[in-house]
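**Q** Before I ask anything, let me first share the structure, which is written out below as structure tokens.
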Amino acid sequence: MAAFPHTLSSRLLTGWIGGCVWYLERRTLLQSPHKFMHLFRNVNKQWITFQHFNFLKRMYVTQVNTILKQQVKPKPEPVASPFLEKMPSSEAKAEMDEMRSPSSPSLSLSREPSEKELTELESASVIESSIDTDKETKEEKQWKEMKLQLDDLPGILARLSKIKLTALVVSTTSAGFALAPGPFDWPCFLFASLGTGLASCAANSINQFFEVPFDSNMNRTKNRPLVRGQISPLLAVSFAACCAVPGIVLLTWGVNPLTGALGIFNIFLYTCCYTPLKRMSIANTWVGAVVGAIPPVMGWTAATGSLDAGECPPMLCLSRSVC
Amino acid sequence: MSASRFCPPRKSRHDWIGPPDKHSNLRPVHFYIPEHESSLERKLRELRQETQAWNQQFWANQNLTFSKVNEKEDFIHSRLQARGLGLGTESGSKAALSAEDMADFYKEFLSKNFQKHMCYNRDWYRRNFAITFTMGRVALERIWNKLRQKLKQMSH
Numbered sequence: 001m002a003a004f005p006h007t008l009s010s011r012l013l014t015g016w017i018g019g020c021v022w023y024l025e026r027r028t029l030l031q032s033p034h035k036f037m038h039l040f041r042n043v044n045k046q047w048i049t050f051q052h053f054n055f056l057k058r059m060y061v062t063q064v065n066t067i068l069k070q071q072v073k074p075k076p077e078p079v080a081s082p083f084l085e086k087m088p089s090s091e092a093k094a095e096m097d098e099m100r101s102p103s104s105p106s107l108s109l110s111r112e113p114s115e116k117e118l119t120e121l122e123s124a125s126v127i128e129s130s131i132d133t134d135k136e137t138k139e140e141k142q143w144k145e146m147k148l149q150l151d152d153l154p155g156i157l158a159r160l161s162k163i164k165l166t167a168l169v170v171s172t173t174s175a176g177f178a179l180a181p182g183p184f185d186w187p188c189f190l191f192a193s194l195g196t197g198l199a200s201c202a203a204n205s206i207n208q209f210f211e212v213p214f215d216s217n218m219n220r221t222k223n224r225p226l227v228r229g230q231i232s233p234l235l236a237v238s239f240a241a242c243c244a245v246p247g248i249v250l251l252t253w254g255v256n257p258l259t260g261a262l263g264i265f266n267i268f269l270y271t272c273c274y275t276p277l278k279r280m281s282i283a284n285t286w287v288g289a290v291v292g293a294i295p296p297v298m299g300w301t302a303a304t305g306s307l308d309a310g311e312c313p314p315m316l317c318l319s320r321s322v323c
Numbered sequence: 001m002s003a004s005r006f007c008p009p010r011k012s013r014h015d016w017i018g019p020p021d022k023h024s025n026l027r028p029v030h031f032y033i034p035e036h037e038s039s040l041e042r043k044l045r046e047l048r049q050e051t052q053a054w055n056q057q058f059w060a061n062q063n064l065t066f067s068k069v070n071e072k073e074d075f076i077h078s079r080l081q082a083r084g085l086g087l088g089t090e091s092g093s094k095a096a097l098s099a100e101d102m103a104d105f106y107k108e109f110l111s112k113n114f115q116k117h118m119c120y121n122r123d124w125y126r127r128n129f130a131i132t133f134t135m136g137r138v139a140l141e142r143i144w145n146k147l148r149q150k151l152k153q154m155s156h
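Going line by line, the protein sequences match chains A and B. Position one of the first sequence corresponds to residue 1 (UniProt numbering), numbered consecutively onward. Position one of the second sequence corresponds to residue 1 (UniProt numbering), numbered consecutively onward.
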């Protein structure tokens with residue numbers, strides 16, 4: 001029984017990695033066929049060296065990073081330009097300072113120097129206004145159209161549903177299921193895991209829907225999809241509903257009603273108790289602990305069909321040690 | 001501020017979202033006004049614009065107040081420590097002390113402004129629900145109009 005989760009997880013991991021690699025290769029092929037053709041044409045002419053595959057490496061790295069939900073920053077603008085921008089302004093300032101100090105004694109002198117000062121002033125103001133327009137165009141480039149891109153939708157929904165956290169929740173449910181007594185029932189296990197995963201996606205999406213202005217102000221959360229406007233609140237709520245309903249149905253009819261009830265209760269606890277309570281008092285951490293403890297209990301009830309009170313403390317310990 | 005200067009391209013028929021505001025950290029939205037905007041669509045747009053302005057005002061004020069009180073607290077604590085503990089204290093213990101004091105400061109800040117925060121939360125939840133519900137109604141209205149047009153075309 002102890003070996004079971006290990007082989008299962010390693011198989012899942014291998015399968016997942018294989019799927020990722022296949023997906024990456026397909027995408028690379030579709031996006032840069034000319035590079036591949038160039039490579040194939042040169043095969044007969046010379047040995048293919050490691051350097052030829054560098055473009056693949058770069059593309060793989062960026063693709064893998066997007067899949068792993070790390071924001072690959074676009075290449076930063078060359079460092080010289082901000083210095084160039086700063087230099088004219090400092091030069092202009094220096095010029096203006098120099099102009100101010102000799103200007104007072106020169107007032108009594110002839111008019112010629114003042115014309116020169118005027119042209120210098122004009123050029124300084126031109127430089128400053130050009131810097132302002134540069135800043136404006138840079139700001140304008142940061143404006144994004146709020147149009148739903150279907151290509152990005154899977155990634156956006158993954159971030160909306162906090163897919164990594166959901167995976168952790170599903171693993172605690174599997175652990176609860178594996179630890180329960182009785183024979184290991186594969187369909188029941190799969191239904192329980194999938195149902196819990198869907199319920200977790202729904203709860204996380206609603207949480208993000210509620211927390212948009214708070215998330216904007218924190219560095220950790222300011223890149224969430226709703227904060228960035230990649231998705232509308234309506235779509236977020238619809239996605240949550242589309243995850244919650246099948247998830248709970250799967251748990252209630254595919255596993256047993258007790259697990260379904262626990263699933264609904266957990267969604268309610270997380271979205272309607274924990275999320276608002278975060279703004280009110282630190283008691284929300286206790287609610288959060290219960291929210292984390294319920295998935296292993298759900299795994300247990302999925303396997304056994306009932307809640308044995310004696311097993312709850314080990315479940316809480318398990319959830320705390322995993323989370 | 002920059003929202004008023006930004007002008008989206010003419011062909012675009014969508015809203016545009018900008019970089020985070022430096023005071024409120026919220027991203028301003030430039031709303032697209034379609035030619036034949038229905039009354040429901042107009043109501044949605046006005047609701048969103050009003051909520052955006054209200055949110056911007058609250059968070060700009062909140063962040064400003066917080067940073068002001070933060071600076072004052074830092075200043076008081078550094079002065080107290082300079083007087084009380086002397087200048088020869090370890091930087092590590094100084095930092096640990098100020099972290100604990102900062103926790104007290106945060107607690108005090110939160111309890112003083114509790115009512116204000118509760119009101120904001122309640123209003124934000126109400127507005128969020130209203131906007132999302134109206135978005136749903138607008139989406140249904142658009143689907144219904146498209147269906148009606150298709151039926152008309154089929155009958156002709």
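Glycine residues also receive a C-beta, built at the ideal position from the N, C-alpha and C atoms.
Check each candidate in Gln153(B), Ala139(B), Ile17(B) and Phe105(B) and name the one with the smallest Cα separation from glutamate 139(A).
**A** Taking only the C-alpha atoms, the option nearest glutamate 139(A) is Ile17(B).
**Q** In angstroms, rounded to a whole number, what distance separates the CA positions of valine 249(A) and arginine 126(B)?
**A** Distance between the alpha carbons of valine 249(A) and arginine 126(B): 29 angstroms.
**Q** If the cut is a Cβ gap below 7 angstroms, which residues of chain B does glycine 247(A) touch?
**A** Under the 7 angstroms cutoff, chain B gives no residues; its nearest Cβ is about 21 angstroms from glycine 247(A).
**Q** What's the call for alanine 203(A), buried or exposed, on a 16-neighbour Cβ count within 10 Å?
**A** So alanine 203(A) counts as buried.
**Q** In the DSSP assignment, the alpha helix (DSSP H) including arginine 228(A) goes from what residue to what residue?
**A** Per DSSP, arginine 228(A) belongs to the alpha helix (DSSP H) from 225-228.
**Q** Which residues, in chain order, does the region 9-25 of chain B contribute to contact with chain A at a C-beta distance below 7 angstroms?
**A** Of all residues in the region 9-25 of chain B, Ser12, His14, Asp15, Trp16, Ile17, Gly18, Pro19, Pro20 and Asn25 have a Cβ within less than 7 angstroms of some Cβ in chain A.
**Q** Under 7 angstroms between beta-carbons, which chain B residues line up against glutamate 140(A)? List them in chain order, please.
**A** Correct list: Phe6.
**Q** I'd like to know whether the C-beta of proline 225(A) is nearer than 8 angstroms to at least one C-beta of chain B.
**A** Taking Cβ atoms only, chain B never reaches closer than 8 angstroms to proline 225(A), which makes this a no.
**Q** Cα separation between threonine 119(A) and arginine 159(A)?
**A** Taking the straight line from one Cα to the other gives about 55 angstroms.
**Q** Could you work out which residue in Leu153(A), Lys162(A), Ser174(A) and Pro276(A) is closest to tryptophan 300(A) when comparing CA atoms only?
**A** Closest by alpha carbon: Ser174(A).
**Q** Do you know whose CA, among Gly182(A), Gly195(A) and Glu136(A), lies nearest phenylalanine 6(B)'s CA?
**A** Of the candidates Gly182(A), Gly195(A) and Glu136(A), the one whose C-alpha sits nearest the C-alpha of phenylalanine 6(B) is Glu136(A).
**Q** With 16 other CB atoms within 10 Å as the buried threshold, where does lysine 68(B) fall?
**A** Exposed is the call here.
**Q** Count the other C-beta atoms from every protein chain shown that fall within 10 angstroms of the C-beta of glycine 182(A), then say buried if there are 16 or more, exposed otherwise.
**A** With fewer than 16 other Cβ atoms within 10 Å, it is exposed.
**Q** Using a cut-off of 9 angstroms between C-beta atoms, extract the partners of threonine 132(B) located in chain A.
**A** Residues of chain A passing the Cβ test: Phe209, Ser232, Pro233, Leu234, Ala236 and Val237.
**Q** Output the boundary residues of the alpha helix (DSSP H) element that contains arginine 77(B).
**A** First, the amino acid is wrong: residue 77(B) is histidine here, not arginine. Unbroken alpha helix (DSSP H) run through histidine 77(B): 39-84.
**Q** What number of angstroms, rounded off, separates the C-alpha of phenylalanine 239(A) from the C-alpha of lysine 278(A)?
**A** Rounded to whole angstroms, phenylalanine 239(A) to lysine 278(A) spans 24 angstroms at the Cα level.
**Q** Compile a chain-ordered list of the residues in the region 261-280 of chain A whose CB is closer than 9 angstroms to at least one CB of chain B.
**A** Within the region 261-280 of chain A, the qualifying residues are Pro276, Arg279 and Met280.
**Q** Would the region 261-275 of chain A and the region 221-233 of chain A be scored as touching if the rule is three or more Cβ pairs under 8 angstroms?
**A** No: the two stretches stay apart, fewer than three of their Cβ pairs being nearer than 8 angstroms.
**Q** Exposed or buried, valine 245(A), counting other C-beta atoms within 10 Å across all chains shown (16 or more means buried)?
**A** Under this definition valine 245(A) is an exposed residue.
**Q** Give every residue of the same chain whose Cβ lies closer than 8 angstroms to the Cβ of aspartate 101(B), excluding the five residues on either side of it in the sequence, and list them in chain order.
**A** Taken in chain order, the residues that qualify are Glu73 and His77.
**Q** State yes or no: is the beta carbon of asparagine 145(B) nearer than 8 angstroms to at least one beta carbon in chain A?
**A** No, its Cβ sits nowhere closer than 8 angstroms to a Cβ of chain A.
**Q** In the DSSP assignment, find the alpha helix (DSSP H) that holds alanine 305(A) and state where it starts and stops.
**A** It should be pointed out that residue 305(A) corresponds to glycine in this sequence rather than to alanine. Element bounds for glycine 305(A): n/a, residue is neither H nor E.
**Q** Could you list which residues in chain B have their beta carbon closer than 8 angstroms to that of tryptophan 143(A), in chain order?
**A** Residues of chain B passing the Cβ test: Phe6, Pro8, Trp16, Ile17, Gly18, Pro19 and His30.
**Q** To the nearest angstrom, report how far apart glycine 263(A) and leucine 234(A) are at their CA atoms.
**A** For glycine 263(A) and leucine 234(A), the distance between alpha carbons rounds to 23 angstroms.
**Q** Expressed to the nearest angstrom, what Euclidean distance is found between the alpha-carbon atoms of tryptophan 143(A) and tryptophan 144(B)?
**A** So the alpha carbons of these two residues sit roughly 32 angstroms apart.
**Q** If glycine 197(A) sits next to valine 297(A), beta carbons under 8 angstroms apart, how far is it from one beta carbon to the other, in whole angstroms?
**A** That belief does not hold up - the Cβ atoms of glycine 197(A) and valine 297(A) are roughly 16 angstroms apart, past 8 angstroms.
**Q** Can you check whether the C-beta of serine 205(A) is within less than 8 angstroms of a C-beta belonging to chain C?
**A** The structure shown has no chain C; the protein chains it does contain are A and B.
**Q** Residues in its own chain within less than 8 angstroms of isoleucine 131(B) by CB, not counting five upstream and five downstream?
**A** Cβ within range, chain order: Leu44, Leu47, Arg48 and Thr51.
**Q** Under 8 angstroms: do the region 206-220 of chain A and the region 283-294 of chain A share three or more Cβ pairs, one atom per stretch?
**A** Because the criterion of three Cβ pairs below 8 angstroms is not met, the region 206-220 of chain A and the region 283-294 of chain A do not touch.
**Q** I want to see whether chain A comes within less than 8 angstroms of alanine 139(B), judged by CB atoms only; does it?
**A** Yes, its Cβ sits closer than 8 angstroms to a Cβ of chain A.
**Q** When the distance is taken between beta carbons, is isoleucine 267(A) closer than 8 angstroms to isoleucine 156(A)?
**A** It is not a contact, given that the beta carbons lie outside the stated cut-off.
**Q** Measuring CA to CA, which of Phe184(A), Asp308(A) and Gly247(A) is closest to serine 200(A)?
**A** Minimum Cα distance to serine 200(A) is reached at Gly247(A).
**Q** Which whole-angstrom value is the C-beta distance of proline 305(A) and leucine 258(A), which I expect to be below 8 angstroms?
**A** According to the sequence as given, residue 305(A) is glycine; it is not proline. Correct: roughly 7 angstroms between the Cβ atoms.
**Q** I'd like to know whether the C-beta of methionine 102(B) is nearer than 8 angstroms to at least one C-beta of chain A.
**A** For methionine 102(B), the answer is no, since every Cβ of chain A falls outside 8 angstroms of its Cβ.
**Q** For chain B, check one thing: does any of its Cβ atoms lie closer than 8 angstroms to the Cβ of proline 213(A)?
**A** Output row for proline 213(A): interface = yes.
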